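*Asks:*
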Amino acid sequence: MPKFKTILVTGGAGYIGSHCVIDLVNEGYDVIAIDNFANAVGDDEGSPALRKAEEITGKKITFYKADLLDKPQINEIFDKHEIDCVIHFAALKAVGESMQQPLLYYQNNLLGMLNLLEVMRSHSCYQMVFSSSCTVYGEPETLPITETHPTGSITNVYGRTKYFIEEMLKDLNTADKNWNIISLRYFNPVGAHPSGLIGEDPTKEFTNLMPFMAQVALGKKPVLTVFGNDYNTPDGTGIRDYIHVMDLASGHVAALNLLNDNHIGLKVYNLGTGKGVSVKELVTVFERVTGTKIPLKYVDRRLGDITAMWADASLAKEELGWCARYSIEEMCTDFWRWQTMNPNGYPKKNVKSSVIMNGTS
Ligand code: NAD
Ligand code: WQD
Numbered sequence: 015m016p017k018f019k020t021i022l023v024t025g026g027a028g029y030i031g032s033h034c035v036i037d038l039v040n041e042g043y044d045v046i047a048i049d050n051f052a053n054a055v056g057d058d059e060g061s062p063a064l065r066k067a068e069e070i071t072g073k074k075i076t077f078y079k080a081d082l083l084d085k086p087q088i089n090e091i092f093d094k095h096e097i098d099c100v101i102h103f104a105a106l107k108a109v110g111e112s113m114q115q116p117l118l119y120y121q122n123n124l125l126g127m128l129n130l131l132e133v134m135r136s137h138s139c140y141q142m143v144f145s146s147s148c149t150v151y152g153e154p155e156t157l158p159i160t161e162t163h164p165t166g167s168i169t170n171v172y173g174r175t176k177y178f179i180e181e182m183l184k185d186l187n188t189a190d191k192n193w194n195i196i197s198l199r200y201f202n203p204v205g206a207h208p209s210g211l212i213g214e215d216p217t218k219e220f221t222n223l224m225p226f227m228a229q230v231a232l233g234k235k236p237v238l239t240v241f242g243n244d245y246n247t248p249d250g251t252g253i254r255d256y257i258h259v260m261d262l263a264s265g266h267v268a269a270l271n272l273l274n275d276n277h278i279g280l281k282v283y284n285l286g287t288g289k290g291v292s293v294k295e296l297v298t299v300f301e302r303v304t305g306t307k308i309p310l311k312y313v314d315r316r317l318g319d320i321t322a323m324w325a326d327a328s329l330a331k332e333e334l335g336w337c338a339r340y341s342i343e344e345m346c347t348d349f350w351r352w353q354t355m356n357p358n359g360y361p362k363k364n365v366k367s368s369v370i371m372n373g374t375s
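Mapping the sequence shown onto this note's numbering, position 325 (from 1) lands on 339, and the numbers just tick up by one.
#1: Does any heavy atom of the ligand WQD sit closer than 7 Å to the C-beta of R316?
#2: Distance, Cα to Cα, G373 vs T20?
#3: Give the secondary structure of C34 by DSSP, where H, G and I count as helix, E and B as strand, and everything else as coil.
#4: Please determine if the stretch 298 to 307 and the stretch 203 to 223 are in contact, where contact requires at least 3 C-beta pairs separated by less than 8 Å.
#5: Can you tell me which of the three DSSP states P225 falls into?
#6: Quick check: what's the CA-CA separation for S368 versus A54?
#7: For M355, count neighbouring C-beta atoms within 10 Å of its own C-beta (all shown protein chains included) and say buried if the count is 16 or more, exposed if not.
#8: Consult DSSP for K19 and reduce its assignment to one of helix, strand or coil.
#9: Enumerated in chain order, which unbroken segments of the alpha helix (DSSP H) with a length of 4 residues or greater are wholly contained in the stretch 60 to 117?
#10: Per DSSP, what kind of secondary structure is M355 in: helix, strand or coil?
#11: Report yes or no: do the stretch 235 to 247 and the stretch 122 to 129 share at least 3 C-beta pairs separated by less than 8 Å?
#12: When every heavy atom of the ligand WQD is checked, does at least one fall within less than 7 Å of the C-beta of D58?
#13: Within the same chain, show all residues whose beta-carbon is closer than 8 Å to that of N358, passing over the 5 residues directly before and after it, in chain order.
#14: Can you give me the C-alpha to C-alpha distance between I320 and R254, rounded to a whole angstrom?
#15: Considering only heavy atoms of the ligand WQD, does any lie closer than 7 Å to the CB of D249?
#16: Check whether the stretch 136 to 148 touches the stretch 43 to 58, counting contact only when three or more Cβ pairs, one atom from each stretch, lie closer than 8 Å.
#17: Pairing CB atoms from the stretch 165 to 178 with CB atoms from the stretch 249 to 267, are three or more of them under 8 Å?
#18: Please tell me whether, using a cut-off of 7 Å, the distance from the CB of V240 to the nearest non-hydrogen atom of the ligand WQD is below it.
#19: How is the alpha helix (DSSP H) around A47 delimited, first residue to last?
#20: Please report how far the alpha carbon of K17 lies from the alpha carbon of H258, in whole angstroms.
#21: Go through its chain and collect everything with a Cβ distance to H266's Cβ below 8 Å, but skip five positions before and after it.
#22: Suppose contacts are defined by Cβ-Cβ distances below 8 Å. Is L232 in contact with L296 by that definition?
#23: Buried or exposed for T156, please, with buried defined as at least 16 other CB atoms from any protein chain shown within 10 angstroms of its CB.
#24: Who does V240 pair with in a DSSP beta bridge?
#25: Tell me whether D348, by its Cβ, gets closer than 7 Å to a heavy atom of the ligand NAD.
#26: One question on the structure: do N187 and L280 come within less than 8 Å of each other, judged by their Cβ atoms?
#27: What would DSSP say about S367, mapped onto helix, strand or coil?
#28: Taking all protein chains shown into account, decide if A189 is buried (16 or more other Cβ within 10 angstroms of its Cβ) or exposed.
#29: Which class does D326 belong to by DSSP, given the choice of helix, strand or coil?
#30: Give a yes or no on whether the C-beta atoms belonging to Y283 and A330 are separated by under 8 Å.
#31: Take G173 and list the residues in its own chain whose beta-carbon comes closer than 6 Å to its own, dropping the five residues that flank it on each side.
#32: By DSSP, does V55 sit in helix, in strand, or in coil?
#33: Please name the residue in T287, K79, P216, C99 whose C-alpha comes closest to that of A108.
#34: Name the DSSP bridge partner or partners of Y340?
#35: In the stretch 136 to 201, which residue ranges form an unbroken beta strand (DSSP E) of at least 3 residues, counting only runs that do not cross its ends?
#36: Is L157 a contact residue of the ligand WQD, with contact defined as CB to any heavy atom under 7 Å?
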């Protein structure tokens, strides 16, 4: 099979997408990134995150402001570029919002995916890496969680969009053997690029632990609310498998390598560290490496939260040759570097981007 040259990255201006683009460019791939800025800073002048990615890599990144719901627009991009493989990050991901606006989530995440798959098929592009989530497992029956753990018992709409897409991909793989797809189930992505130049800066409200904790450390929020200290865990707080965003990025490069060399149909891999860390443990490490003090307020459990979840990441190690390398200390240090270098995130206005718009300089 010829080596992939051009990779389309949907949601490329977002948190994980923009970090992944750096690794892809450094690996020598030509990257075409698209985003509609539903949850990323940017405008008709481009994406500040991708401009920073250009600064870090010293290479040009082609960017289109494009919406997956606009099928003709996606079709045009495929007409214009010979795309070998798609990494599909674009989705809405806020659990709370998904419960209030289920149709928005089903339309954006499911219809966006359907449009993309149809355009890919019509251009004979059958290779894809899909951003799935540990959320598809629901409340774990066994720990650590392997890829064979049952999926589908999910309590929120966002999670169900990921589950439905995985089911859709199974049907597609059964019906048409041309497809070559890897679904990566990420655990809890945190951290930022070690340069401090790019990081997480959503336009929608965020509720995840690390960005919230960093806002408290910056003095922008008064206190970190800890959701429950009566869980059946050693210190009573919830346990998760936090993974550095640059480890996720290298997981995507590893997935591309596998797709490049093999016809695998459809495969699913956990991307996690394999280690569970409690809320209290994460706060303690964050305080230590940043030299800050995080005031805590213990409240009731958050509705829908699970007690503990961490990955068995051995399949990714065996078959992708990938494993997570960054420590919890590095995740906190790198996130804090990004936050202190950019306390207000990316510049929100008048960004003169060197990113190529609509394929022209
Ligand atoms: P993000 O919101 O930062 O990135 C997603 C990007 O997709 C955003 O920039 C958004 O503007 C774009 N987008 C959304 N709908 C679009 C559409 N219709 N057309 C074009 N662009 C669109 O989120 P992220 O944290 O980078 O997540 C990337 C992917 O990984 C998502 O699919 C998410 O569900 C999945 N995931 C994230 C996490 C997490 O905790 N961050 C965990 C597991 C899985
Ligand atoms: C982590 C821990 C909270 C905030 C979410 C999505 C999931 C996946 C990853 C996309 C939990 C506790 C949090 C706070 C707290 N995303 N916490 N105070 O809930 O594991 O997963 O992101 O696929 O689908 O649901 O991540 O960072 O919100 O919470 O005590 O202010 O921190 O209760 O134990 P979660 P999180």
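Glycine included, every Cβ here is placed at the ideal spot set by N, Cα and C.
Please read all numbers here as calculations on a predicted model, not as lab measurements.
*Replies:* According to the data block:
#1: Your numbering for residue 316 matches position 302 in the sequence shown. Yes; taking the cut-off as 7 Å, the Cβ of R316 has a heavy atom of the ligand WQD nearer than that.
#2: In the sequence shown, the residue the question calls residue 373 occupies position 359. In the sequence shown, the residue the question calls residue 20 occupies position 6. With a pLDDT of 43 at G373, under the threshold of 50, the modelled position of this residue cannot be trusted; read the value that follows with caution. Note on geometry: alpha-carbon atoms of G373 and T20 lie some 14 Å from one another.
#3: Against the sequence shown, residue 34 aligns to sequence position 20. Helix, per DSSP.
#4: The answer is no - the stretch 203 to 223 does not touch the stretch 298 to 307, with fewer than three Cβ pairs under 8 Å.
#5: In the sequence shown, counting from the first residue as 1, residue 225 sits at position 211. In the structure shown, P225 sits in a helix (DSSP, three-state: H, G or I).
#6: To locate residue 368, count along the sequence shown from 1; it is residue 354. To locate residue 54, count along the sequence shown from 1; it is residue 40. The predicted model places S368 with a pLDDT of 43, which falls under 50 and marks its position as unreliable; any figure quoted below should be read in that light. Taking the straight line joining both Cα atoms gives about 17 Å.
#7: Counted from its first residue, the sequence shown places residue 355 at position 341. Classification for M355: exposed.
#8: Against the sequence shown, residue 19 aligns to sequence position 5. The DSSP-derived three-state label of K19 is coil.
#9: Taking only runs of at least 4 residues, the alpha helix (DSSP H) segments lying wholly in the stretch 60 to 117 are 62 to 71, 85 to 94, 109 to 114.
#10: Within the sequence shown, residue 355 is the residue found at index 341, counting from 1. Note: M355 maps to helix in three-state DSSP.
#11: With a cut-off of 8 Å, the stretch 122 to 129 and the stretch 235 to 247 do not count as touching, because too few Cβ pairs lie within range.
#12: Taking the sequence shown and counting its residues from 1, one reaches residue 58 at position 44. No, the beta carbon of D58 sits no closer than 7 Å to any heavy atom of the ligand WQD.
#13: One-based indexing of the sequence shown puts residue 358 at position 344. If the five residues before and after N358 are omitted, its C-beta is found closer than 8 Å to no C-beta atom of its own chain.
#14: For this step, residue 320 is matched to residue 306 along the sequence shown. For this step, residue 254 is matched to residue 240 along the sequence shown. For I320 and R254, the gap between their C-alpha atoms comes out near 9 Å.
#15: By one-based count along the sequence shown, residue 249 stands at place 235. No.
#16: No, the stretch 136 to 148 is not in contact with the stretch 43 to 58.
#17: In short, these stretches do not touch, since the Cβ pair count stays below three.
#18: The count along the sequence shown starts at 1 and reaches residue 240 at position 226. Indeed, a heavy atom of the ligand WQD lies less than 7 Å from the Cβ.
#19: Walking along the sequence shown from the start, residue 47 turns up at place 33. Taken as a continuous stretch (DSSP letters only), A47 belongs to no alpha helix (DSSP H), being part of the beta strand (DSSP E) at 44 to 49.
#20: Locating residue 17 in the sequence shown gives position 3, counting from the first residue. Locating residue 258 in the sequence shown gives position 244, counting from the first residue. Taking the straight line from one Cα to the other gives about 28 Å.
#21: Translated into the one-based positions of the sequence shown, residue 266 becomes position 252. Only C34, D37, L38, I101, V143, L198 meet the Cβ criterion.
#22: Stepping through the sequence shown from its first residue, residue 232 is reached at position 218. Stepping through the sequence shown from its first residue, residue 296 is reached at position 282. Taking C-beta atoms as the reference points, L232 and L296 fail to come closer than 8 Å.
#23: The residue you call residue 156 lines up with position 142 of the sequence shown. Answer is exposed; the Cβ neighbour count stays below 16.
#24: Taking the sequence shown and counting its residues from 1, one reaches residue 240 at position 226. Residue pairing from DSSP places V240 in a beta bridge opposite Y312.
#25: Numbered from 1 along the sequence shown, position 334 holds the residue referred to as residue 348. Flag unset: Cβ of D348 not near the ligand NAD.
#26: Looking up residue 187 in the sequence shown gives position 173. Looking up residue 280 in the sequence shown gives position 266. Contact flag set, yes.
#27: Locating residue 367 in the sequence shown gives position 353, where the first residue counts as 1. With a pLDDT of only 47 at S367, under the threshold of 50, the placement of this residue in the model should not be trusted, and no figure is reported.
#28: Position 175 of the sequence shown, counting from 1, holds the residue named residue 189. By the neighbour-count criterion, in which 16 or more other beta carbons inside 10 Å mark a residue as buried, A189 falls on the exposed side.
#29: Translated into positions along the sequence shown, residue 326 becomes position 312. If DSSP states are grouped into helix, strand and coil, D326 belongs with coil.
#30: Along the sequence shown, read from residue 1 onward, the residue named residue 283 stands at position 269. Along the sequence shown, read from residue 1 onward, the residue named residue 330 stands at position 316. Contact flag set, yes.
#31: The residue given as residue 173 occupies position 159 in the sequence shown. T149, listed in sequence order.
#32: As a working mapping, residue 55 is identified with position 41 in the sequence shown. In the three-state scheme derived from DSSP, where H, G and I count as helix and E and B as strand, V55 is classed as coil.
#33: As a working mapping, residue 108 is identified with position 94 in the sequence shown. Each of T287, K79, P216, C99 was checked against the Cα of A108, and the nearest Cα belongs to P216.
#34: Numbered from 1 along the sequence shown, position 326 holds the residue referred to as residue 340. In DSSP, Y340 forms no bridge with anything.
#35: For the stretch 136 to 201, the continuous beta strand (DSSP E) assignments of 3+ residues that do not extend past its boundaries occur at 141 to 147, 194 to 200, in sequence order.
#36: Taking the first residue of the sequence shown as 1, we reach residue 157 at position 143. L157: no, Cβ never under 7 Å from the ligand WQD.
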